[in-house]
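Colleague:
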Amino acid sequence: MAIRLGDTAPDFTAETTMGTLSLHEWLGDSWGILFSHPKDYTPVCTTELGTAARMKPEFDKRNVKIIGLSVDPLKDHEGWAKDIEETQGVALNFPLIADPESKVANMYDMIHPNADSTFTVRSVFLIGPDKKVKLTITYPAATGRNFDEILRVVDSLQLTAAHQVATPANWKSGQDVIIVPTVSDEEAKTKFPAGFKTIKPYLRVTPQPATTPVKA
Ligand code: BEZ
């Protein structure tokens, strides 16, 4: 069964490169990103894990924990981790789940049999501190993910969770945001002291609110 936005992220206990953990307990009050890799010792996955490890400080700043998954055994992950450090210039600094029986992969519908019957696709699940799924993205095996885009969505989600705003197409942190239609003009005057511009009654823009609290 596919996991949809707003669903509670299924909990599980799994072996990882950083020991055995239970997802919900490990996440605690943090946001989380769970992302799957088709297979160990493959080129695109190697670059993705290096990129995610390099960007971990950016996720940390936003109170987001990241965790990868591959349906290969822990022994393979440990050997592959050495290659990742050697070729990407950065060591794995977050857990990589070993899921050789595809238990978590099946729970999260990460195996799409018409794409491949054994390996996972490149799934991304962004989970809020309330353990609800806030974003799902699916990439094919041959296309490495854009982790800048994932970070951009984190920024949007954390902003829209804290303020009555939405973010427009291609928005990046620091740019103007949209006031949601449920906020009246009268309310907007007090909620958005920097002012707002009405392009259409349903399309009002305001400078990005100054603070970005990280709780859901
Ligand atoms: C890769 O990570 O390079 C890869 C994995 C599975 C299929 C195609 C590419």
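Oh and the sequence shown: position 59 is 73 in this note's numbering, straight run, nothing missing. Here a beta-carbon is modelled for each residue, glycine too, at the ideal position from N, C-alpha and C. Keep in mind the model is a prediction, meaning the values are calculated, not measured.
Give me the residue from A155, A202, D162 and N160 with the minimum Cα distance to H177.
Modeller: A202
Colleague: Measuring CB atoms only, is the region 62-73 touching the region 155-163, in the sense that at least three cross pairs come out at less than 8 Å?
Modeller: Verdict: yes, contact present.
Colleague: Any heavy atom of ligand 1 inside 7 Å of the beta-carbon of K53?
Modeller: yes
Colleague: Under a three-way DSSP split, which group does V85 fall into?
Modeller: coil
Colleague: What residue range is occupied by the uninterrupted alpha helix (DSSP H) comprising V168?
Modeller: F161 to A176
Colleague: Between the C-alpha atoms of D144 and K75, what's the straight-line distance to the nearest angstrom?
Modeller: 19 Å
Colleague: So E39 is in the alpha helix (DSSP H); what residue range does that whole segment cover?
Modeller: Per DSSP, the continuous alpha helix (DSSP H) segment holding E39 begins and ends at L37 to L41.
Colleague: Give a yes or no on whether the C-beta atoms belonging to H38 and D21 are separated by under 8 Å.
Modeller: no
Colleague: Going by DSSP in three states, G46 sits in which element: helix, strand or coil?
Modeller: G46 carries a strand assignment under DSSP once its states are collapsed to helix, strand and coil.
Colleague: By the three-class DSSP mapping on this structure, what secondary structure does L63 have?
Modeller: Annotated three-state conformation of L63 is helix, per DSSP.
Colleague: Taking a contact to mean a Cβ-Cβ separation below 8 Å, would you say Y153 touches F139 in this structure?
Modeller: No.
Colleague: Taking 7 Å as the cut-off, is the beta-carbon of F133 closer than that to any non-hydrogen atom of ligand 1?
Modeller: yes
Colleague: Please work out which residues of its chain come closer than 8 Å, Cβ to Cβ, to L165, disregarding the five sequence neighbours upstream and downstream, and give them in chain order.
Modeller: Contacts found: M69, E72, F73 and R76.
Colleague: Kindly indicate if chain C contains any beta-carbon less than 8 Å away from that of P87.
Modeller: No chain C is present in this structure, which holds just one protein chain.
Colleague: Confirm the yes/no value for this check: CB of V58, any heavy atom of ligand 1, distance under 7 Å.
Modeller: yes
Colleague: By the three-class DSSP mapping on this structure, what secondary structure does A119 have?
Modeller: helix
Colleague: Can you find the residues in the same chain that come closer than 8 Å, C-beta to C-beta, to I141, ignoring five residues on each side of it along the sequence?
Modeller: A23, L41, W45, G46, I47, L48, V147 and K148
Colleague: Ignoring anything shorter than 4 residues or poking outside the region 178-214, list the alpha helix (DSSP H) runs there in chain order.
Modeller: 199-205
Colleague: What is the DSSP secondary structure of A28, reduced to helix, strand or coil?
Modeller: In the structure shown, A28 sits in a strand (DSSP, three-state: E or B).
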